[in-house]
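Below: the structure, in structure tokens.
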Amino acid sequence: MMPSFRSLAPVLVFAILYAAVSLSVTNSYYQLVMTLVLVWAVFGLSWNILSGYTGLISFGHAAFFGIGAYTTALGQIYFDLSPWLLIPIAAMLGGLAGLLVGFPTFRLQGHYFALAMLAYPLAILYVVEWLGFQEVTLPIKRENPFAYMQFSDGRIYTMLALAMLIGTILLTQWVERSRFGMALLAIKQNEAAAEAAGINTLVWKLRAITLSGAIAGAIGGFYAIVLLVVTPQSVFGMLVSAQALTVAMFGGVGTVWGPVIGAVILIPLAETLNAEAGTRFPGIQGVIFGLAIISVILIAPEGLFWKVRDFLRKRRPTSQLEPEKTSPAGVAPPIAAIAPATAGAPAKVIPPEDIILEVRGLSRSFGGLKAVQDVSLQLRKHAILGIIGPNGAGKTTLFNLLNGFLLPDAGEVLIDGHNMVGRKPHELCEAGIGRTFQIMRPFLRMSISDNVVVGAYVRAKTDLEARKLAEGAIARVGLSTITHRMAGELTTKELRLMELARALASQPRILLLDETLAGLGHGEADEVVGVIQRLAKEGVTIAIIEHTMQSMVRLVDSFVVLDHGAVLMEGEPEAVTRDMRVIEAYLGKKWAAHAQH
Amino acid sequence: MLSIDKLSAGYSAIPVLKDVSIKVEAGQFVAIVGPNGAGKTTLFKTISGTVRPSAGSITFEGADLLSIQPSRRAHLGIAHVPEGRQVFASLTVMENLEVGATTAAGQRNWKQNIERIFEWLPVLAERREQLAGTLSGGQQQMLSIGRGLASSPKLLMLDEPSMGLAPAIADFIFDRLIEIRRQSGLTILLVEQRVAEALESADHGYVLEAGRVVLEGNNQTLRADDRVRRAYLGM
Amino acid sequence: MTQFLEGFLQALVAGLLIGAIYGLMCVGLGLIFGVMRVINFAHGDFMMLGMYAAFYCFTALGVQTAFGNVVGPFVAILLAGPILAVFGYAVHRTLISRVSGTRTSLLEGEGHYAQLVLTLGIALILQNGGLIVFGSVLASIRTPLSSTAWELGPFFDVSVFVNKARGIDAVVSLMTMTLLALLITRSRLGKSLRAAADNPVAAIYMGVDVDRAHRIAFALGTGVTAIAGGLLATNYPFQPFVGLEYVIVMYAGVVLGGMGSIIGAFWGGMTIGLVQQMSTIVLPTQLQNAAIFVVFLLIIFFRPQGFFGRMVERT
Chain A
25 MMPSFRSLAP
35 VLVFAILYAA
45 VSLSVTNSYY
55 QLVMTLVLVW
65 AVFGLSWNIL
75 SGYTGLISFG
85 HAAFFGIGAY
95 TTALGQIYFD
105 LSPWLLIPIA
115 AMLGGLAGLL
125 VGFPTFRLQG
135 HYFALAMLAY
145 PLAILYVVEW
155 LGFQEVTLPI
165 KRENPFAYMQ
175 FSDGRIYTML
185 ALAMLIGTIL
195 LTQWVERSRF
205 GMALLAIKQN
215 EAAAEAAGIN
225 TLVWKLRAIT
235 LSGAIAGAIG
245 GFYAIVLLVV
255 TPQSVFGMLV
265 SAQALTVAMF
275 GGVGTVWGPV
285 IGAVILIPLA
295 ETLNAEAGTR
305 FPGIQGVIFG
315 LAIISVILIA
325 PEGLFWKVRD
335 FLRKRRPTSQ
345 LEPEKTSPAG
355 VAPPIAAIAP
365 ATAGAPAKVI
375 PPEDIILEVR
385 GLSRSFGGLK
395 AVQDVSLQLR
405 KHAILGIIGP
415 NGAGKTTLFN
425 LLNGFLLPDA
435 GEVLIDGHNM
445 VGRKPHELCE
455 AGIGRTFQIM
465 RPFLRMSISD
475 NVVVGAYVRA
485 KTDLEARKLA
495 EGAIARVGLS
505 TITHRMAGEL
515 TTKELRLMEL
525 ARALASQPRI
535 LLLDETLAGL
545 GHGEADEVVG
555 VIQRLAKEGV
565 TIAIIEHTMQ
575 SMVRLVDSFV
585 VLDHGAVLME
595 GEPEAVTRDM
605 RVIEAYLGKK
615 WAAHAQH
Chain B
430 MLSIDKLSAG
440 YSAIPVLKDV
450 SIKVEAGQFV
460 AIVGPNGAGK
470 TTLFKTISGT
480 VRPSAGSITF
490 EGADLLSIQP
500 SRRAHLGIAH
510 VPEGRQVFAS
520 LTVMENLEVG
530 ATTAAGQRNW
540 KQNIERIFEW
550 LPVLAERREQ
560 LAGTLSGGQQ
570 QMLSIGRGLA
580 SSPKLLMLDE
590 PSMGLAPAIA
600 DFIFDRLIEI
610 RRQSGLTILL
620 VEQRVAEALE
630 SADHGYVLEA
640 GRVVLEGNNQ
650 TLRADDRVRR
660 AYLGM
Chain C
2 MTQFLEGFLQ
12 ALVAGLLIGA
22 IYGLMCVGLG
32 LIFGVMRVIN
42 FAHGDFMMLG
52 MYAAFYCFTA
62 LGVQTAFGNV
72 VGPFVAILLA
82 GPILAVFGYA
92 VHRTLISRVS
102 GTRTSLLEGE
112 GHYAQLVLTL
122 GIALILQNGG
132 LIVFGSVLAS
142 IRTPLSSTAW
152 ELGPFFDVSV
162 FVNKARGIDA
172 VVSLMTMTLL
182 ALLITRSRLG
192 KSLRAAADNP
202 VAAIYMGVDV
212 DRAHRIAFAL
222 GTGVTAIAGG
232 LLATNYPFQP
242 FVGLEYVIVM
252 YAGVVLGGMG
262 SIIGAFWGGM
272 TIGLVQQMST
282 IVLPTQLQNA
292 AIFVVFLLII
302 FFRPQGFFGR
312 MVERT
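Residue numbers (this note's numbering), protein chains in the order written: chain A, 25 to 621; chain B, 430 to 664; chain C, 2 to 316.
Here it is in structure tokens:
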């Protein structure tokens, strides 16, 4: 996808300005600083690709940086290879390292991931020291400086670094805009929901870390060329990892400009202080970075870029925001043309062969607790099935089993006759099962369209097709008029409909709705119920878990009642709500006994 | 003793309690029933302070509860026996009870309290050195109640004590509760799904549905009202 | 054969002695992680401050003149504990509490990331600030005990030497550990801490001031690790970046012991000490730290819940 002029313009402007400034610098130390700013900006961008977009914070990016640096340095010393060749090799090795590191480490959660990432560069550091590479100096090549990237004028390095930065920015922008970036953001927001929407989270994370490692390796190699001296601490040390993290976080996480802003502000500051006060206060650099990190995390945890942007957005009058198609009165029209929920919809006559989902003898225990016991049920095509039961009856566990989040101890889940047990959630999404979750985690800063398009990637080959599918889904739930509004400004009802749209974008045949009506008032719930009824008429089979019985009894064709993990009874709403066993399950034995007048 | 006035509360974007008003007089046994998602547990969490309400007030013995830090509320005399028991699994039974007695009143009356707790709930005495995490569900529920009693409370709040327990064990715990009430005259606020059991011994009952109080009354009036069943089952 | 046996036993003894100190070091971190579930990147640097505190107490503040060269160091080390505890309390009050505790534990998954980053920032400031204040010259707490040793044996031609300073270090460490264990298991404060660690929400219901419990845990953890640091300082010279060398030891020990188990962290640290010293039997000395990394990564991948904790992992 070609980047638009609007996004290229700032990059070009920045490049020209920076080039102009750096060309005017004559002091060789400051020329070095100009280069280093760009080096750390690129390193920060590489960190951003993994950690900024996925939310998996890496404290060990120095591993890739150092691998790149040593590859380039040792490659030149021992094999007399040119950096023009070595830097791409460094990139490859960095990417490979990323892949090798990512594969086992992504299995770890939270703290353990962070600690493991911290351990890698430090471990490599010890090995490198043991191998005897305490200090590696690149030989000066006077005969052919160009071939060995050794220039007497520091500004040439700056230009090279600028070229690398532009390349990285363009690459990052491409990632951001494509499904790559969207998938990563979806993983950051809610990994479970992303899986359920059809995104193969492991594969995308591996791609991210490979790309991230490659860029870090390349810039690490360049760093070695610029400084001509490589020591284990300077490329594998904790400060190195910390710097990648700091410039990205300070400037702004999850955005192209963040690391650039961070580097432009912090590096000259640190270097200048180091130069001026470095002899009296050695280590002033580290103190500055430490203070920067602390102030950022306490005051503006997402970085300068977002803080400023949010601030500017708030001050702009709303009429200047993206135009929405509102009615002349200025009030968003109600969800168009949805017939209100009809009470007591006539029972549909469906031939029994049209069973789309069958569950046979499904069981799952946790420790001693039987969460789901030998549950069997059938979902008929185009039907709406309500799954109800008192607290702890196993309803959500059942959904998790159907959706691939949990593996059953026994039993089968058959879709069109094929047993789907053991498949991962994104595979089940591909097979046609969509799901909404009780706790929503939308991309607050992105539009409805961006939030929904993530669900379409499993179905669409191109990003354009994905957008079309997304818009179609948004139309089905009736949110077309506000498709460009930011999720942070939506009401609960609109958020629920957006969730529904995301699940619909993958064109599911079966929809599992988990407490979609929670938190809605009576009127709002009726509207959403109307949407669900319409979806069923259009041909989607629906299973819904819900506590608000008022709405459910008018919506569903039949109920399955679970109690203590087992099926208590099935049937139509009238019959179920008056059945003694069901009353007993909900209200207790004594009530049921007494109520039998 | 406890007065909840037009309380509204929820989680992030989702409102759960809407405009709820409930009164508990000293010495009363008040039951709150209602289907899942009605907001019963949220109500308790608001009283205990782990959820901040968006509107309304709570007064306990004349003091504005909402202005008091959550960890101080127990010291006022409110004991919360949480949903799902929530015992300190890695501490022994005795240690759980000792932590329950963190309040000043609990410390003062420790000797008498522990005697009575062991008398009412003998299984706790038998297993006092056992790790709480290894107890059965019913035993943990009794420990949770004992822990609440150890604080020498004025108000005992129980959140769905029968949840996840076999009916026979739930019945047993209820009997113990009634016995404790009879002997101590404690004020009790009970949230339960088993309506009849809850209303049987209660002086007053409230029916919560979709975050609002839809019915209130005493045992007789509520028992005869089909609206209670409809609150749970929708029709 | 006897040479191998002697080497083996010597490594074993060395492992036990240093393991006792590592154990104490890990318990400090274990307290913080166990009670608060906070990963404290700056813990090694608090230890470094403890070393310097002990050093200055000993040399500049007159402990050496008052108590002499044999007892003096240990008095200084034990003084460093409370000093760092106060410092830790202050750091928690001003900074850490903003990203941990009851305020954030109720948010979804938030807090963890911020804690990691915040403590990283504190680490950077302490390390580099330390460089500015203390300089890069190696310091150590000299005691004549470190140049003499007790001889165990000879039994069947095999002798094992126990360096006197390290021996006493281990004893002091074990004594501190015992006191701490008694505090945690027997005292009311200890039970409140464990309750807050086990189930913070239920602890609030009981009237336990969980935020205060966190502050105390942080202060205690810092103080304890500072003492461990001081003990190390009698044998190994140190400089402001010494914390980095021990960060991985601390985390490996805590993870090995089971994140959440305070007492388990001690055994974890002990094990790491043994691994480090005994790996010299097969590996070159420079790689002994790499051995710790390998163990660390192996545990994280294959048994993240650790080995020694008796705590039922809180959900």
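Backbone N, C-alpha and C fix where the C-beta goes; we use that ideal spot for every residue, glycine too.
In the DSSP output, what is residue i paired with across the bridge?
i	result
B:VAL449	B:LEU436
B:GLU621	B:VAL462
A:LYS394	A:SER389
B:LEU431	B:VAL453 and B:PHE489
A:ARG404	A:ILE379
C:SER98	Note: C:SER98 sits in no beta bridge, so no partner.
B:THR616	B:LEU584
A:LEU438	A:GLU382 and A:ASN443
B:GLY646	B:GLY634
A:SER471	A:MET510
Rounded to the nearest angstrom, what separates residue i and residue j at their Cα positions?
i	j	result
C:LEU284	A:PHE88	26 angstroms
A:ALA33	A:GLY68	22 angstroms
A:LEU208	A:LYS229	7 angstroms
B:LEU550	A:ALA616	30 angstroms
B:THR521	B:GLN570	14 angstroms
A:GLN531	A:ALA455	10 angstroms
A:GLY413	A:GLY446	26 angstroms
A:GLY496	A:ASP550	22 angstroms
C:GLY8	C:VAL172	23 angstroms
A:ILE223	B:ASP654	50 angstroms
B:MET664	A:THR601	7 angstroms
B:LEU560	A:ARG533	49 angstroms
A:ALA140	A:LEU535	38 angstroms
Where do the N-terminal and C-terminal ends of the alpha helix (DSSP H) with residue i fall, by residue?
i	result
C:GLN277	263-279
B:ASP655	655-662
A:TYR481	Segment: none, A:TYR481 is in no alpha helix (DSSP H) and carries neither H nor E.
A:PHE204	203-213
Who are the near neighbours of residue i in its chain, counting only those whose CB is closer than 6 angstroms to its CB and skipping five residues on each side?
i	result
B:LEU594	GLY566 and GLY567
A:SER75	ILE81 and SER82
B:GLY679	The shown model of chain B, from 430 to 664, leaves out residue 679 of chain B, and the question about it has no answer.
C:ILE300	VAL256 and LEU257
Excluding five sequence neighbours on each side, which residues of the same chain lie with their C-beta closer than 8 angstroms to the C-beta of residue i?
i	result
C:PRO238	LEU139, ALA140 and SER141
A:PRO163	GLN100 and ILE101
A:GLY368	Model confidence at A:GLY368 stands at a pLDDT of 36, short of 50, so the residue's coordinates are unreliable and nothing is read from them.
A:MET183	ALA43 and SER46
Under DSSP, the beta strand (DSSP E) around residue i begins and ends at which residues?
i	result
C:SER160	159-164
C:PRO155	150-156
C:SER193	It is not in any beta strand (DSSP E) - C:SER193 instead sits in the alpha helix (DSSP H) that spans 189-199.
A:ALA609	Segment 604-611 is the alpha helix (DSSP H) holding A:ALA609; no beta strand (DSSP E) there.
A:SER582	582-587
A:VAL591	590-595
Which residues in the same chain as residue i place their Cβ atom closer than 7 angstroms to its Cβ, once the five residues preceding and following it in sequence are excluded?
i	result
A:ILE148	ALA87, GLY90 and PHE260
C:GLN116	VAL39, ILE40, VAL100 and SER101
If we count Cβ pairs, one from each stretch, closer than 8 angstroms, do we get three or more for the segment 131-139 of chain C versus the segment 312-328 of chain A? no
Touch test, the segment 34-50 of chain C against the segment 83-102 of chain C, Cβ-Cβ under 8 angstroms, three pairs minimum: yes
Three-pair Cβ contact test at 8 angstroms for the segment 375-393 of chain A versus the segment 426-438 of chain A: Counting Cβ pairs under 8 angstroms, three or more are found: they touch.
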